[in-house]
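> Encoded as structure tokens, here's the structure I'll be asking about.
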Amino acid sequence: MNADLSLLPDQAYLDRAALSGRSVQEEVAAGIGNGEMPARYQRNARTLRPADQARLARARVALIGCGGLGGHVLEFLARSGVGTILACDPDVIEIHNANRQLLATQGTLGRFKVHVACERAAEVNPLVRVEPITISFRDVIFQGVDVIVDCLGGATHRKELQDKATAANVPLVSAGVSGWTALVSTTWPNETGLAEFMNGRENSSELVQGIPSPTVGFAASLQAAEVIRILTGAPSALRGNLLVADLAEMRFSSVSLQTGSPYSI
Amino acid sequence: MRIHLVLEAILERYAPENAGACEIPAEMTVGELIRHLGIPEDLVMFAIVDGHMATRETVVRENASVSLCPYICGG
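Taken in sequence, the protein lines are chains A and B. My numbering puts the first residue of the first sequence at 1, with every later residue one more than the last. My numbering puts the first residue of the second sequence at 1001, with every later residue one more than the last.
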């Protein structure tokens, strides 16, 4: 972290926003432009420089699904300072979510996942805002978002989400998990994406293997890294590429999705 | 001929002995390999041969590295 930066507590930005009528996120970005930095971001140091941190404060991300992948992605984005997160999930938290979903605790059973997401983000970082959407993403028009994060479970609606990202002209960061295996990929508008390979199938592995917690946290971590790098203008390592990770053998490989048509038997 | 075979996730159950140095008939296509292994075709989401996405018509060469992945869509 630049030694010349003035480190400010969260409350300074909250107070400024209350006085100015501007959003907290705007106050954070403006403050960074004036040589300040929220103290909570100081350990992002040179990995996320002030200009990056200001970009994150101004960013809007649509998080589709707040279950296994989505709960972890929310945590990473909120801690990193992504200013506005549209959290979209019509489901409530159930006991079978508890093995892997960060938002599933004894106190949140039966509650809408997106409402719990709002509370969690507020507890983690009051400088970010989560807008809860309790209807399906299929009924939402994504305007003014910078990235969409595909944290859906199952294949049924993946292609529809990819088409929505293309319509919104924004990148889509996707993952799928089963057992100890994780797939992660980023799709630019009008390019081949993971959803085309999933092909709407309902016979996928996780229905038999289940999803242990480390696998979902791992995949979500890679998704969040991609989102943060895209938002800060850095190259996306997984654009058009698919990462295949086997956590049982700690085997990692990536393959281009652009070199052939989806393999569908 | 010998290939290096990796069966991801739930497909592991179809792995032959010594999958890392697996003997298969020469000039097999990916589709034929899947049937040779007894894997139901609708379980396979994609195949990677020597680091590239393959189709069922892709021919598997000697010493090829072949990875077969089932549908993985959990979240």
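Just so it is clear, CB atoms sit at the ideal spot from N, CA and C, and this is done for glycine as well.
Taking leucine 86/A as the reference, give the member of Ser185/A, Val130/A, Phe112/A, Ala12/A with the closest Cα.
Val130/A
> Using Cβ-Cβ distances below 8 Å, what residues of the stretch 1033–1066 of chain B are close to chain A?
Ile1034, Glu1041, Asp1042, Leu1043, Val1044, Met1045, Phe1046, Ala1047, Ile1048, Gly1051, His1052, Met1053, Ala1054, Thr1055, Arg1056
> Would you list, in chain order, the members of the stretch 179–190 of chain A that have their beta-carbon closer than 7 Å to a beta-carbon of chain B?
Gly179, Thr181, Leu183
> Alanine 30/A to leucine 8/A, Cα distance in whole Å?
Going by the C-alpha atoms only, they are around 13 Å apart.
> Chain A beta carbons: is any one of them nearer than 8 Å to that of glutamate 1017/B?
no
> Measuring straight from C-alpha to C-alpha, what distance separates threonine 1058/B and methionine 1001/B?
16 Å
> On the premise that alanine 220/A lies in contact with histidine 96/A, defined as a C-beta separation below 8 Å, what is that separation, rounded to the nearest angstrom?
Not confirmed; about 18 Å, so no contact.
> Quick one: grab the DSSP three-state call for isoleucine 1048/B.
strand
> In three-state DSSP terms, what is methionine 250/A?
coil
> For a contact defined as C-beta to C-beta under 8 Å, what are the partners of asparagine 203/A on chain B?
Within chain B, the residues near asparagine 203/A are Asp1042, Leu1043, Tyr1071.
> Based on Cα-Cα distance, which residue from Gly193/A, Ser205/A, Leu127/A, Ala121/A lies nearest to valine 255/A?
Gly193/A
> Quick one: what does DSSP say arginine 43/A is sitting in, helix, strand or coil?
helix
> Looking at chain A, is there any beta carbon in it that lies within less than 8 Å of the beta carbon of alanine 1009/B?
yes
> With distances taken Cα to Cα, identify the nearest neighbour of asparagine 203/A among Pro50/A, Ala155/A, Ala245/A.
Ala155/A
> Candidates Ala1047/B, Tyr1071/B, Leu1007/B, Arg1056/B: which alpha carbon is nearest arginine 1019/B's?
Position check: residue 1019/B holds alanine in this sequence, whereas arginine was assumed. It is Leu1007/B.
> When DSSP labels each residue in this structure, what does aspartate 182/A get in the three-state scheme?
Looking at the sequence itself, residue 182/A is alanine, so the reference to aspartate does not match. In this structure, alanine 182/A counts as strand in the three-state DSSP scheme.
> Going along chain B, which residues have a C-beta under 7 Å from phenylalanine 197/A?
Met1045, Phe1046
> Name the residue from Asn99/A, Val28/A, Ile211/A, Pro189/A whose alpha carbon lies nearest to the alpha carbon of aspartate 246/A.
The shortest C-alpha separation from aspartate 246/A is found at Ile211/A.
> List, in chain order, every chain B residue whose beta-carbon is nearer than 7 Å to that of glutamine 209/A.
Ala1009, Ile1010
> One question on the structure: do proline 90/A and isoleucine 135/A come within less than 8 Å of each other, judged by their Cβ atoms?
yes
> Restricting to runs no shorter than 3 residues, where is the beta strand (DSSP E) found entirely within the stretch 115–141 of chain A?
With a minimum length of 3 residues, the continuous beta strand (DSSP E) runs that stay inside the stretch 115–141 of chain A are 129–133.
> Do valine 82/A and leucine 103/A have their CB atoms nearer than 8 Å?
No. Outside cutoff.
> With H, G and I counted as helix, E and B as strand and the rest as coil, what does DSSP make of aspartate 150/A?
Aspartate 150/A: strand per DSSP, three-state reduction.
> So, at 7 Å on beta carbons, what are the nonlocal neighbours of glycine 70/A in its own chain, with the 5 sequence-adjacent residues on each side left out?
Leu63, Asp89, Cys151
> Could you check the C-alpha separation between methionine 1053/B and asparagine 44/A for me, to the nearest Å?
37 Å
> Helix, strand or coil for valine 82/A? Go by DSSP, reduced to three states.
coil
> Is it buried or exposed for serine 185/A, if we count other Cβ within 10 angstroms and need 16 for buried?
So serine 185/A counts as buried.
> For threonine 187/A, write down the residues that DSSP places opposite it in a beta bridge.
Leu172/A.
> Considering only the beta carbon of each residue, do leucine 242/A and glutamate 226/A sit closer than 8 Å?
no
> Assign phenylalanine 252/A to buried or exposed, taking buried as 16 or more other Cβ atoms, counted over all protein chains shown, within 10 Å of its Cβ.
exposed
> Find the residues of chain B that neighbour valine 281/A, judging by a C-beta separation of less than 7 Å, and give them in chain order.
The requested residue 281/A is not part of the displayed model; chain A covers only 1 to 265.
> Given that a residue counts as buried once 16 or more other Cβ atoms are within 10 Å of its Cβ, and exposed if not, what is glutamine 25/A?
buried
> Does the beta-carbon of serine 47/A have 16 or more other beta-carbons within 10 angstroms, so that it is buried, or is it exposed?
Per the sequence shown, residue 47/A should be read as threonine rather than serine. Exposed is the call here.
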